[in-house]
Ligand code: NFS
Ligand code: SF4
């Protein structure tokens, strides 16, 4: 009996080396196991996902269900007709499409609600009601104002004068905020897409009318007994997702840039080794920079530094986690502690005095892990309280007293420094990588375009002449059903090897950072000869960190700029480009995936996709959408094949553009040159 129990226990213990490729994480998992602390990696062993849910064919949209329609082998092989139906008659297609649509709605809502908060604070700032915020990047405000049809000059007689910048800001703020409640017409930013892309949306009738409206309409259409045509449901997914990418997310990014500064390249550090034993360690985890910007300011204030000193600490380390990390890294060079799957592990170091969270991607279990240490978990957003945990406290953020609240939070952490438990050994892994980050579309333009005038033309030239084969956007989460960071790194390295330049955001960016891919030196090590040459000439990393997941909108704008720079077709769909989320898990990723697809990008997801139980709906997403938008979904679990399919798509686009031969020539030239060099 005892032997059996021991066997069972062993079967339920995971091997850290088998669930992550990140050595810092592996060390922390071992510490957790030694101390008997449960993490997501333990729970993933005992709870397996339900197959019907994985395939997207469980409906619980009314209480006659849940209706489950498993796809049998016989149906799959065509040996039996597919007569599956829910009680109401809903087909697997209807059910999977409804479930998918609700994921889009949730994802778009999350990004857009973030954007709404930014717009509200922006307007308060513009009206001088939120004194801790200001306009940091006037240029950016002047650039976006015309899209909102806001004048940037005033006429007096025959003369034109620049308009007061705060007047512009008030009007931009009002118009931006109005995008959520708009009922008719089109969201303003749809027109930032290349004309051909925009005209195609118009033709298909999918230009979003208002951000909230399209999300609400998904909820209506997917209610029991409403939209029961998967193609029609998918079109609504497109409206809501475009309202995210070209609406809520894009407004969030732009207004944040105006208030906090547009990112430009700077140095940063990443991984759990950024924590320091003799300093107060604060981790800000979540997504919205409104608060974290203030905590950055508070943690750097002399008052707080002195306070920390008075408690015996040698300073304050403020490190980020998840997309909050990306936000404060991109603008301030603040270090990153880790990505999504490292949130519990950070606390397990024993050195975290406070983890401050706002919204999204925060595992409830961080509260329980914090309870095992002295760590204080501080929730800050009225939308996101955590019931678990004995030591969880709530300090509500309010943009009108932002800096004061930031200081209050930092003070809590400093006070808690003295509560570290001497009986609990602190272990901070040594891993910390250097990186160069901050590649907004403005920064890319500047760096690739030469010193005097920013332009995307040199990038286009290098794509046309074949040194750069194409552009890969690799983004998205970690997922405990895969090996932490592994697929991210394989996909990215495969692309680099094949001369595909990579744009990254979110948790993929952090995986790349930890693996040293965000350094200019990585070009020589990981890239094919063409891409290596371009990166080394310009001095940029081959993987360009563009920010948080909300900043995927930067990728849309960069793609639009590439189209506008000429020579690579008329729409985003013409570009030799492909998107990828190898380890996705959140509903936001589905919304992002769908706005990329609808914007014309072939987009491959890893792990699983909840559409595989509904073959006709899957076919609609994976092939039919290409005829409509030029972009389509795909699911490839194996990361090598995943990258190979992206490259094949890039080559298909090169051929369609008639630039496939150029690449052969350039590679031949290079081989000759290398031979000469060797001789
Ligand atoms: Ni994006 Fe950023 Fe990470 Fe995924 Fe979560 S942090 S918003 S959702 S897990 S990439
Ligand atoms: Fe079942 Fe139809 Fe109700 Fe869904 S809506 S649970 S398929 S009866």
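In my numbering, the protein residues as written are 17 to 695. All C-beta atoms, glycine included, are put in the ideal place defined by N, C-alpha and C. Just so you know, these numbers come straight off a predicted model, no measurement behind them.
Less than 6 Å between C-beta atoms, sequence neighbours within five positions excluded: which residues of the same chain meet that for residue i?
i           : result
residue 651 : 621 and 625
residue 590 : none
residue 262 : 205 and 206
residue 268 : 130, 131, 134 and 566
residue 687 : none
residue 125 : 231
residue 669 : 592
residue 117 : 234, 238, 249 and 253
residue 196 : 132, 227 and 228
residue 601 : 493 and 495
residue 182 : 142
Give every residue of the same chain whose Cβ lies closer than 7 Å to the Cβ of residue i, excluding the five residues on either side of it in the sequence, and list them in chain order.
i           : result
residue 61  : 28 and 30
residue 17  : Annotation note: pLDDT 47 at residue 17 (below 50); position unreliable, coordinate value reported separately. None.
residue 484 : 478, 515, 517, 546, 547 and 550
residue 471 : 461, 465 and 581
residue 636 : 246, 247 and 250
Do the CB positions of residue i and residue j come within less than 8 Å of each other?
i           : j           : result
residue 74  : residue 68  : yes
residue 344 : residue 337 : no
residue 605 : residue 597 : yes
residue 298 : residue 369 : yes
residue 56  : residue 496 : yes
residue 382 : residue 393 : yes
residue 275 : residue 422 : no
residue 536 : residue 563 : no
residue 146 : residue 418 : yes
residue 288 : residue 365 : yes
residue 476 : residue 583 : yes
For the ligand SF4, is there a heavy atom less than 7 Å away from the beta-carbon of residue i?
i           : result
residue 235 : no
residue 82  : yes
residue 103 : yes
residue 111 : yes
residue 77  : yes
residue 106 : yes
residue 240 : yes
The ligand NFS and residue i: does any heavy atom of the ligand fall closer than 7 Å to the residue's C-beta?
i           : result
residue 502 : no
residue 41  : no
residue 122 : no
residue 377 : yes
residue 528 : no
residue 522 : yes
residue 496 : no
residue 303 : yes
residue 604 : yes
residue 221 : no
residue 265 : no
residue 492 : yes
residue 388 : no
residue 607 : no
residue 564 : yes
Short of 8 Å in beta carbon distance, which residues of its chain neighbour residue i, apart from the five on each side in sequence? Order them along the chain.
i           : result
residue 680 : 482
residue 163 : 204, 205, 207 and 208
residue 430 : 296, 320, 323, 324, 327, 329, 332 and 369
residue 619 : 594, 595, 596, 597, 609, 612, 613, 647, 648, 649 and 650
residue 387 : 405, 406 and 407
residue 160 : 188, 270 and 274
residue 168 : 158, 161, 162, 178, 179 and 184
Just grab the DSSP bridge partners of residue i for me.
i           : result
residue 452 : 283
residue 337 : 301 and 354
residue 650 : 620
residue 392 : 370
residue 560 : 519
residue 177 : 170
residue 296 : 332
residue 397 : 400
Taking 8 Å as the threshold (beta carbon to beta carbon), is residue i in contact with chain D?
i          : result
residue 75 : No chain D appears in the structure shown, which is made up of a single protein chain.
Could you give the C-beta distance for residue i and residue j, rounded to a whole number, given that I count them as a contact under 8 Å?
i           : j           : result
residue 372 : residue 301 : 7 Å
residue 1   : residue 108 : Outside the modelled stretch of the chain, which goes from 17 to 695, sits residue 1, for which no answer is possible.
residue 532 : residue 449 : 5 Å
residue 425 : residue 411 : 6 Å
residue 120 : residue 251 : Not confirmed; about 12 Å, so no contact.
The ligand GTP and residue i: does any heavy atom of the ligand fall closer than 7 Å to the residue's C-beta?
i           : result
residue 355 : The ligand GTP is not part of the structure shown, which contains the ligand NFS and the ligand SF4 as its ligands.
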